[in-house]
Amino acid sequence: MASPGPNISSSLKETRTFAPPAEFSANAHVRSEAEAQRLRDWAERDPDGYWSTQAESLQWAKRWDVVCDWTGAPHAKWFVGGRLNVSANCVDRHVEAGNGDKVAILFEGEPGDARSLTYAQLLVEVCKFANVLKSLGVVAGDRVTIYLPLTPEAAIAMLACARIGAVHSVIFGGFSAEAVADRNNDAKSKVIVTADGGWRRGKVVPLKANVDVALAKSPTVETCVVYNRCDSPVTMTPGRDVWWHEAMAAASADCPAEPFDSEQPLFVLYTSGSTGKPKGVLHTSAGFLLGVSLTHKLVFDIKDSDVYWCTADVGWVTGHSYTVYGPLANGCTVVMYEGAPNQPHEDRFWRIIEKYKVSVFYTAPTAIRAFMKWGDQWPKGCDLSSLRVLGSVGEPINPEAWMWYHEVIGGGRCPVVDTWWQTETGAIMIAPLPGATVTKPGSATKPLPGVIVDVVDRQGNPVPAGEGGFLIIKRPWPSMMRTIYGDDARFREAYWSHIPGAYFTADGSRKDADGDIWIMGRVDDVLNVSGHRLSTMEVESALVGHTQVAEAAVVGKPDDLKGESIVCFVTLKQGVTATDELKVLLKAHVAEEIGALARPDEIKFTDSLPKTRSGKIMRRLLRDVAAGKVSTSDTSTLEDYSVLAKLREEDE
Ligand code: WTA
7 MASPGPNISS
17 SLKETRTFAP
27 PAEFSANAHV
37 RSEAEAQRLR
47 DWAERDPDGY
57 WSTQAESLQW
67 AKRWDVVCDW
77 TGAPHAKWFV
87 GGRLNVSANC
97 VDRHVEAGNG
107 DKVAILFEGE
117 PGDARSLTYA
127 QLLVEVCKFA
137 NVLKSLGVVA
147 GDRVTIYLPL
157 TPEAAIAMLA
167 CARIGAVHSV
177 IFGGFSAEAV
187 ADRNNDAKSK
197 VIVTADGGWR
207 RGKVVPLKAN
217 VDVALAKSPT
227 VETCVVYNRC
237 DSPVTMTPGR
247 DVWWHEAMAA
257 ASADCPAEPF
267 DSEQPLFVLY
277 TSGSTGKPKG
287 VLHTSAGFLL
297 GVSLTHKLVF
307 DIKDSDVYWC
317 TADVGWVTGH
327 SYTVYGPLAN
337 GCTVVMYEGA
347 PNQPHEDRFW
357 RIIEKYKVSV
367 FYTAPTAIRA
377 FMKWGDQWPK
387 GCDLSSLRVL
397 GSVGEPINPE
407 AWMWYHEVIG
417 GGRCPVVDTW
427 WQTETGAIMI
437 APLPGATVTK
447 PGSATKPLPG
457 VIVDVVDRQG
467 NPVPAGEGGF
477 LIIKRPWPSM
487 MRTIYGDDAR
497 FREAYWSHIP
507 GAYFTADGSR
517 KDADGDIWIM
527 GRVDDVLNVS
537 GHRLSTMEVE
547 SALVGHTQVA
557 EAAVVGKPDD
567 LKGESIVCFV
577 TLKQGVTATD
587 ELKVLLKAHV
597 AEEIGALARP
607 DEIKFTDSLP
617 KTRSGKIMRR
627 LLRDVAAGKV
637 STSDTSTLED
647 YSVLAKLREE
657 DE
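The sequence shown begins at 7 in this note's numbering and counts up by one.
Below you can see the structure in the form of structure tokens.
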């Protein structure tokens with residue numbers, strides 16, 4: 007882990023506060039700060055009592071014997087001995103309760119096509135696809151890769167896996183063939199579900215063509231199911247590839263939901279860490295489902311009449327937890343939009359809110375900053391009066407963007423919930439409760455009931471209010487990750503070795519005098535580019551994989567729109583000439599290796615990189631060079647001072 011410096015200093019001074027509107031509080035699930043505090047106190051004093059009461063909201067085939075078994079720490083078991091089926095909780099039980107005609111998914115494709123699925127219709131689709139998977143030999147515990155555009159089929163495929171106890175590994179459609187192959191191999195997937203393509207900015211993203219390249223290097227994958235989304239030409243390999251519509255037409259809609267153990271693995275989701283290849287974060291069934299459904303209800307104050315829209319793709323954890331599992335477990339109506347926010351025009355999101363009367367909207371700061379740049383005329387031309395709660399996730403939201411979101415999108419009347427969490431936490435950990443919490447632009451405010459956090463120094467001692475430190479979580483929680491798939495040693499090392507007995511988030515933060523948390527960003531080598539997690543190491547290894555590159559160091563540079571942009575310092579092999587053409591080639595090479603989301607913004611050629619005497623690249627210094635700052639970092643261990651001076655010259 008890179009050092010965050012002796013102290014994490016915070017210069018943000020934000021004093022505005024926003025109390026929840028009285029009318030909102032009066033009808034909220036949690037109506038006052040006093041009530042929120044009572045819940046926090048209860049959960050802290052009696053975690054088993056709190057969590058078991060909350061778990062009554064799920065449908066169980068067999069009740070649990072033990073709420074939380076932490077004797078094998080850092081491996082938790084939740085609701086030990088209990089049995090349930092995640093897909094039955096998300097679909098069947100709403101139909102059984104007489105809500106089969108309620109709309110589950112309101113889908114809008116980028117070209118403007120629209121489709122809706124009621125809970126009863128969703129049940130049929132999920133059962134059929136579960137039978138398709140069974141017919142392909144998929145049994146409980148097998149891994150299934152899902153590489154689909156953001157269409158209802160993605161949710162159907164995920165829920166079908168859950169129904170039969172298979173473990174899904176969803177890969178974002180923006181990742182490359184290489185990334186798909188790596189993930190297939192790490193998970194040893196048996197089946198991959200994809201589409202011919204998906205619509206993005208008026209073009210077809212060629213998903214099946216990527217899969218064809220990936221499958222040449224994915225020996226465990228036996229079958230590829232292809233959903234025809236765009237009617238674009240694809241090559242079908244006989245014996246391996248089957249059409250979704252053909253398989254579905256032949257499948258029975260009868261697939262009883264078999265109960266599984268609470269700890270049945272539900273999914274693996276690959277995310278970036280500070281070292282090595284992406285890690286497969288493993289989540290299990292009951293605890294995850296409880297975490298996402300409870301937080302979805304409380305943080306967005308979900309009511310039966312809500313039309314809820316989370317803009318995240320299912321390829322990210324936000325799409326898992328808050329597009330699919332949380333809202334569907336709550337029987338909510340979910341909007342799903344396939345494409346880009348500026349297609350065909352910059353008001354697409356606002357048109358969707360107007361059209362479907364969206365009441366709860368959840369998006370990312372990077373998107374909000376893009377909307378600000380495009381101008382107020384776009385949202386102002388649409389009727390956004392249906393909105394009542396606005397959410398933010400993925401990176402720290404700057405107060406300016408928060409204020410714009412609150413005023414221009416929320417008309418000043420909608421509480422803004424800034425939600426802090428991670429792929430690893432499964433569900434929201436720190437966030438306002440919209441009917442209770444006084445919000446502050448830029449603060450995720452307080453931990454949710456049952457989430458015990460602290461801000462500590464390197465030794466694990468709490469730091470005083472107002473001072474920066476590491477954010478840790480001190481008690482297990484139901485939706486916590488269980489391990490890194492196939493690499494338990496890395497799980498222990500990355501999360502449980504820094505501060506004894508506590509989960510290390512790798513985020514810097516500070517607590518203010520009111521106890522509100524301000525997240526200050528990652529303290530490791532993880533980049534946050536447009537809310538997407540990437541590791542500097544992944545980009546570096548893609549670069550050094552190029553035949554002309556000797557060495558590379560990658561750092562993030564603050565970026566007004568994307569949060570961070572990717573700057574690469576590259577030394578070339580002897581005899582290779584540094585040209586602008588080569589920069590273009592290297593950028594394309596990284597995009598090909600990882601995906602377009604990792605395309606470097608800048609490449610700087612240099613003769614050598616600053617290193618410590620032990621040979622470690624000093625990324626802190628490079629970050630300062632990239633940002634054009636005079637470095638205040640400690641250079642006492644720098645091996646060759648002249649390297650740094652030269653880098654600066656080259657920059658001028
Ligand atoms: C950052 C996304 C500040 C943080 C759910 C975290 C945030 C990483 C916030 C996890 C927020 C997420 N305020 N920072 N509200 N939400 N982050 O795994 O650095 O893609 O560690 O999960 O995003 O990213 P991930």
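Every residue gets a Cβ at the ideal spot worked out from N, C-alpha and C, and that includes glycine.
Closer than 7 Å to some heavy atom of ligand 1: that describes the Cβ of T324. Close CB contacts of F113 within its chain, under the 6 Å cut and outside five residues either way in sequence, are with R121, P158, M342 (chain order). Counting along the chain, the unbroken beta strand (DSSP E) around R539 starts and ends at 538 to 541. Rounded to whole angstroms, the gap between the alpha carbons of F294 and A433 is 7 Å. Between A94 and the set K285, W483, I162, R235, the nearest pair of CA atoms involves I162.
In this structure, DSSP gives Y56 a helical state, which the three-state scheme calls helix. In terms of Cβ geometry, L128 and V199 do not form a close pair [threshold 8 Å].
For K610, the enclosing beta strand (DSSP E) has its first and last residue at 608 to 611. Considered as a whole, the stretch 251 to 299 harbours 271 to 277, 285 to 290 as its complete beta strand (DSSP E) runs of no fewer than 3 residues, in chain order. For the pair K134 and T124, the CB atoms are not nearer than the 8 Å cut-off. In the three-state scheme derived from DSSP, where H, G and I count as helix and E and B as strand, K140 is classed as helix. When the five nearest sequence neighbours on each side are left out, the beta carbons in the same chain lying within less than 6 Å of the beta carbon of V231 are those of V199, V248, W250, in order along the chain.
Look at M526 here: in three-state DSSP terms it is strand. Secondary structure at I358: helix, using DSSP grouped into helix, strand and coil.
Counting of Cβ neighbours within 10 angstroms places S291 among the buried residues, the total reaching 16 or more. Judged by DSSP in its simplified three-state form, G325 adopts helix. For F497, the enclosing alpha helix (DSSP H) starts and ends at 494 to 502. Look at the stretch 351 to 427 and you find these whole runs of beta strand (DSSP E), each 3 residues long or longer: 366 to 369, 395 to 399, 422 to 425. Burial is judged here by how many other beta carbons sit within 10 angstroms of a residue's own beta carbon; H100 has at least 16 and is buried. Per the Cβ contact rule, the stretch 271 to 288 is in contact with the stretch 321 to 328 (3 or more Cβ pairs under 8 Å). Below 8 Å, too few C-beta pairs join the stretch 534 to 554 and the stretch 504 to 512 to call them touching: fewer than three. Between ligand 1 and P265, a heavy atom-to-CB distance of less than 7 Å is absent. In this chain, the beta strand (DSSP E) harbouring R149 covers 149 to 153. In this structure, A450 has its beta carbon less than 7 Å from a heavy atom of ligand 1. When distances are taken from the beta-carbon of V535 to the heavy atoms of ligand 1, even the shortest one reaches 7 Å or more. W384 and D353 have their C-alpha atoms roughly 5 Å apart. For V555, the enclosing beta strand (DSSP E) begins and ends at 555 to 565.
Taking every protein chain shown into account, the CB of E401 has 16 or more other CB atoms within 10 angstroms, so this residue is buried.
Each residue's CA atom was taken as its position, placing V631 and S614 some 14 Å apart. In this structure, the beta-carbon distance from R488 to H35 does not fall below 8 Å. Each residue's CA atom was taken as its position, placing A25 and R37 some 12 Å apart. Here the stretch 61 to 72 makes contact with the stretch 295 to 309; the two share three or more CB pairs at distances below 8 Å. DSSP places A172 in no beta strand (DSSP E); its state is neither H nor E. In the three-state DSSP reduction, D107 falls in the coil class, being neither helix nor strand.
A direct Cα-Cα distance of roughly 53 Å separates W315 from Q580. Comparing C-alpha distances from S258 to each of E41, N137, T23 shows the shortest one belongs to N137.
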